[in-house]
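Engineer: Let me give you the structure first, and then I'll get to my questions.
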Amino acid sequence: MEQKDEERVGLTVIFTGDGKGKTSAALGVVARCVGHGGRCKMIQFIKGSMKSGEAGLGKTLAPNLEIEQVGRGFTWLADVPREEHIQAAREGLELARAALVSGVYDLVALDEILYALRAGLVEVEQIEGLIEAKPARTHLILTGRGAPQRLIDRADMVTSMTMVKHHSSAGIKAQKCMDF
């Protein structure tokens, strides 16, 4: 089924919940968009410079997919001062706004931005400002645990991931390809 560009409505989508798979779900939508020839940008708010499959995917699918890791890693680790986390989140917000208003991207995904919100690195009003700045035909995905009702009310689609079973509860460490 073909869709004319003028028929496209840019959706705001949230993948939230305590279960695993929020980033993976966002990447699935990104892959679908790239498969249709679309341009996508993913900004990762928490993941630092750790090697991940998604970073490699950005290199493989360039120029249709750009992935930027602006985070300084997990906020509960004491090796990075809180101010550095806050500054990294601010930079992520600036990148997100620039990507949204540029008109270059069909889809912008803000990975773990909701975790940055819960950690006090960004404010809900800043995320609402990004939703408001989104062009009418650009899709926006927000991921992370604990989406507040204010953002849920503004979204067109919200999926809450629920953990039913995960290998980590059996003592199996995070697995390359499956978890990162």
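Numbering follows numbering that gives the first Met the number 0, in which position 20 of the sequence shown is assigned residue number 19; successive positions increment by one, without gaps.
Ideal Cβ placement from N, Cα and C applies to all residues, glycine included.
1) In three-state terms, what does DSSP make of G128?
2) My understanding is that E122 touches G143, with C-beta atoms under 8 Å, so please give their C-beta distance in whole angstroms.
3) Going by beta-carbon coordinates alone, are V100 and A132 separated by less than 7 Å?
4) Under a three-way DSSP split, which group does K40 fall into?
5) Which runs of the alpha helix (DSSP H), 4 residues or longer, sit entirely within the stretch 139-179?
6) Please go through the stretch 103-127 and give each complete beta strand (DSSP E) segment of 3 or more residues, from N-terminal end onward.
7) Rounded to the nearest angstrom, how far is the Cβ of L129 from that of R153, given a contact under 8 Å?
8) Spatial neighbours of H138 within its chain, please: CB distance less than 6 Å, with the 5 preceding and 5 following residues excluded, ordered by chain position.
9) Should G20 and M162 be called a contact, given that it needs their Cβ atoms to be closer than 7 Å?
10) Are the stretch 161-177 and the stretch 35-46 touching, with three or more C-beta to C-beta distances below 8 Å?
11) Suppose you measure from the CA of M0 to the CA of C32; what does that come to, to the nearest Å?
12) Which residues in the same chain have their Cβ closer than 8 Å to the Cβ of G36, if we skip the five residues on either side of it in sequence?
13) Compare the C-alpha of R117 against each of K50, L150 and Y104 and name the closest.
14) From the DSSP secondary-structure annotation, give me the bridge partner or partners of L64.
Structural biologist: Taking the structure as given:
1) helix
2) E122 to G143, Cβ: 14 Å. No contact.
3) yes
4) strand
5) 148-153
6) 106-110
7) Rounded, the Cβ-Cβ distance is 10 Å, inconsistent with contact.
8) G9, L10 and L106
9) no
10) no
11) Caution applies to M0, whose pLDDT of 48 falls short of 50 and renders its modelled position unreliable; the value that the coordinates give is listed next. The alpha-carbon atoms of M0 and C32 are separated by roughly 15 Å.
12) N63
13) L150
14) C39
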